[in-house]
Amino acid sequence: GKWLVYTADDDSRSINLEILDLTTGEARDLTTGTQVIVDPAFSPDGKRLAYVSTEPTGHFQIYMRPIENGRFTGPAVAL
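Using the numbering used here, you'd call the opening residue of the sequence shown number 1258 and step up by one each time.
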């Protein structure tokens, strides 16, 4: 694959997702905020990203979101 998604801890204030373009070495935030977002996993076809988030209730919930060219292309869907 061309992309690597990983968790980034903001000095224990939040945990968000960052994405790394393996071709260019460029990394950037994929999510922002004060929630905890962990365990990113691409679907086998690479068109969706699943992850676990505490947003909006503070409880862990699994979400899936479409992704293309290193950017989300649609809303998160709770599973």
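Glycine included, each C-beta is placed from N, C-alpha and C at the ideal position.
Just so you know, these numbers come straight off a predicted model, no measurement behind them.
Measure the CB-CB distance between G1327 and F1299 and report whether it falls below 9 Å.
One-based indexing of the sequence shown puts residue 1327 at position 70. One-based indexing of the sequence shown puts residue 1299 at position 42. No; because the gap between Cβ atoms is not below 9 Å, this pair is not in contact.
Would you identify the three-state DSSP class for L1336, choosing helix, strand or coil?
Here residue 1336 refers to the residue found at position 79 of the sequence shown. If DSSP states are grouped into helix, strand and coil, L1336 belongs with coil.
If the criterion is Cβ atoms closer than 9 Å, does the pair G1331 and P1323 meet it?
As a working mapping, residue 1331 is identified with position 74 in the sequence shown. As a working mapping, residue 1323 is identified with position 66 in the sequence shown. In contact: G1331 and P1323 (Cβ atoms closer than 9 Å).
Let me know the secondary structure DSSP gives V1312 once reduced to three states.
Start at 1 with the first residue of the sequence shown, and residue 1312 comes out as number 55. Inspection of the sequence shows that residue 1312 is occupied by Glu rather than by Val. Coil at E1312, not helix or strand.
Does the contact criterion of 3 or more C-beta pairs under 8 Å hold for the stretch 1266 to 1278 versus the stretch 1287 to 1306?
yes
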